[in-house]
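Participant: Following my numbering, the numbering of the sequence shown begins with -13 at its first residue and continues without gaps.
The beta-carbon is built from N, C-alpha and C at its ideal position, and this holds for glycine as well.
Below: one structure in structure tokens.
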Amino acid sequence: MGRRTDLSSLLSSGATATATATETAGEGTQPAVRDTTHPVSVALADLAENPDNPRHELRDLDGLTETVRERGVLQALGVVPRAVFLAAHPHHEEAVGRAPYIVLHGHRRLAAARMAGLDEVPVLVREDASRTDEDALIENVQRDDLTELEQAQAIQGLIKSYGYSQRQVAARIGKTQGFVSQRLSLMKLREDLQEALADGRVSVEDARRIARLPQEEQALPGDTGTPPPTVPKARRDYGVIKIDSRGTPEEVVESLRRHLAPAALDRILELLAR
-13 MGRRTDLSSL LSSGATATAT ATETAGEGTQ PAVRDTTHPV SVALADLAEN PDNPRHELRD
47 LDGLTETVRE RGVLQALGVV PRAVFLAAHP HHEEAVGRAP YIVLHGHRRL AAARMAGLDE
107 VPVLVREDAS RTDEDALIEN VQRDDLTELE QAQAIQGLIK SYGYSQRQVA ARIGKTQGFV
167 SQRLSLMKLR EDLQEALADG RVSVEDARRI ARLPQEEQAL PGDTGTPPPT VPKARRDYGV
227 IKIDSRGTPE EVVESLRRHL APAALDRILE LLAR
């Protein structure tokens, strides 16, 4: 009989590695700019979110909120003064309102702090807002916690804003050109099919297949011409994780790591430990 492998221990070690990578490549790393100061505390009411943030929805906040409630916000948010932000992005004046600071990095931490009932959070104040959309894209795509459609929309926006080629975008976000090409293929879908993908009415695999067709031939799998039922936003499903029941524990863990954010992995560990 082969060696018995404990799924919980595999997930635990993988979650630790994932958390380390997240801190290194994601929210834990502020861009290397010379004008970043030491952390200071700012009231939540004085912070507005960056309208260029590509993360359309903030998911898996429960675990982070609990941590913030118990220990506070451990990693400072990256912010920029309102005047500096509007000098680079004057078209966002209405969106940011009158808040003195705009959040460039740390939107999940900000949301968790609000949910936890905090009054203030630590921030690092920058004086450069010229490429905030590019910074936000790189931070989020490197963390792999956007949906594929959100990644596609953000990458397309980066190409339009800066005129990058797919190869240049891949280099900027630390991904392969194939990764960029796969995401951008989803932008060939009709708008209603993109909404179906976001709502979970079509899988990413089916969406990629449909995107190869001319738009006039595109349709949901099994579509008979009757409009599909509307899925309430509160019940959005971002896809089903397919796991081969005959696979090894290592294969199961690898599948979970590819599809789940660190907070979700932590929740699985908690359930397995019961």
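From which residue to which residue does the beta strand (DSSP E) around A34 run?
Facilitator: Taken as a continuous stretch (DSSP letters only), the beta strand (DSSP E) holding A34 covers 33 to 35.
Participant: Residues in its own chain within less than 8 Å of P25 by CB, not counting five upstream and five downstream?
Facilitator: If we look at P25 and ignore the five residues flanking it on each side, its Cβ neighbours are A62, P108, V109, L110.
Participant: Taking the beta carbon of P213 as the centre, do at least 16 other beta carbons fall within 10 Å, making it buried, or is it exposed?
Facilitator: The pLDDT assigned to P213 is 49, lower than 50, so where the model puts this residue is not dependable, and the model offers no usable value.
Participant: For the stretch 134 to 152 and the stretch 163 to 173, state whether three or more C-beta atom pairs, one from each stretch, are separated by less than 8 Å.
Facilitator: Yes, the stretch 134 to 152 touches the stretch 163 to 173.
Participant: Whole angstroms is fine: what's the gap from R198's alpha carbon to Y148's?
Facilitator: If I take the Cα positions, the gap works out to 26 Å.
Participant: Output needed for T216: all residues of its chain with C-beta closer than 6 Å, excluding positions within five of it in sequence on either side, in chain order.
Facilitator: Unreliable positioning characterises T216 in this predicted model, as indicated by a pLDDT of 45, which lies under 50. The coordinate reading is nonetheless provided below. Nothing listed; no residue qualifies.
Participant: Name the one or two DSSP bridge partners that E106 has.
Facilitator: The partner list for E106 (beta bridge, DSSP) reads A29.
Participant: According to DSSP, I88 sits in a beta bridge with which residue or residues?
Facilitator: A34, V66, per the DSSP bridge assignment.
Participant: Count the other CB atoms, across all protein chains shown, that sit within 10 Å of the CB of R195; report buried if there are 16 or more and exposed otherwise.
Facilitator: Exposed, since its Cβ has fewer than 16 Cβ neighbours within 10 Å.
Participant: Taking Y87 as the reference, which of L242, E35, S189 has the closest Cα?
Facilitator: When only C-alpha atoms are compared, the closest one is E35.
Participant: Let me know the secondary structure DSSP gives V111 once reduced to three states.
Facilitator: DSSP places V111 in strand when its eight states are reduced to three.
Participant: Between V82, V66, G103, E106, which lies nearest to A90 when the distance is taken from Cα to Cα?
Facilitator: One point to set straight first is that residue 90 is Leu, not Ala, in the sequence displayed. Measuring from the Cα of L90, the nearest candidate turns out to be V66.
Participant: Tell me which residues share the same chain as F264 and place their Cβ nearer than 7 Å to its Cβ, disregarding the 5 neighbours each side in the sequence.
Facilitator: Since the first residue shown for the chain is -13 and the last is 260, residue 264 is missing from the structure and cannot be characterised.
Participant: According to DSSP, is Q139 part of a helix, a strand, or is it coil?
Facilitator: Note: Q139 maps to helix in three-state DSSP.
Participant: With burial defined as no fewer than 16 other Cβ atoms inside 10 Å of the residue's Cβ, what is the status of R57: buried or exposed?
Facilitator: Answer is exposed; the Cβ neighbour count stays below 16.
Participant: Looking only at C-alpha atoms, which of L175, Y150, P200, E106 sits nearest to A193?
Facilitator: Answer by Cα proximity: L175.
Participant: Reducing DSSP to helix, strand and coil, say where Y150 ends up.
Facilitator: Three-state result, Y150: coil.
Participant: DSSP on S241, reduced to helix/strand/coil?
Facilitator: In this structure, S241 counts as helix in the three-state DSSP scheme.
Participant: Considering only the alpha carbon of each residue, which of G160, L60, G186 lies closest to A98?
Facilitator: Cα-wise, what sits closest to A98 is L60.
Participant: Between the Cα of L104 and those of A74, T51, A73, spot the shortest distance and give me the residue it belongs to.
Facilitator: Looking at the Cα atoms, T51 is the closest of the given residues.
Participant: Please state whether the Cβ-Cβ distance between V188 and P207 is less than 8 Å.
Facilitator: A contact, by the Cβ cut-off of 8 Å.
Participant: So V166 is in the alpha helix (DSSP H); what residue range does that whole segment cover?
Facilitator: V166 -> alpha helix (DSSP H) spans 163 to 171.
Participant: Does the Cβ of E136 have 16 or more other Cβ atoms within 10 Å, making it buried, or fewer, making it exposed?
Facilitator: It is buried - the Cβ of E136 has at least 16 other Cβ atoms within 10 Å.
Participant: In the DSSP assignment, find the alpha helix (DSSP H) that holds R198 and state where it starts and stops.
Facilitator: Note, R198: premise wrong, no alpha helix (DSSP H); not H, not E.
Participant: Give me, in chain order, the residues of the same chain whose beta-carbon lies closer than 6 Å to that of L183; leave out the 5 immediate sequence neighbours on both sides.
Facilitator: Contacts found: L135, A193.
Participant: Where E80 and E191 are concerned, what is the direct C-alpha to C-alpha distance, given to the nearest angstrom?
Facilitator: Cα to Cα, the separation comes out at about 38 Å.
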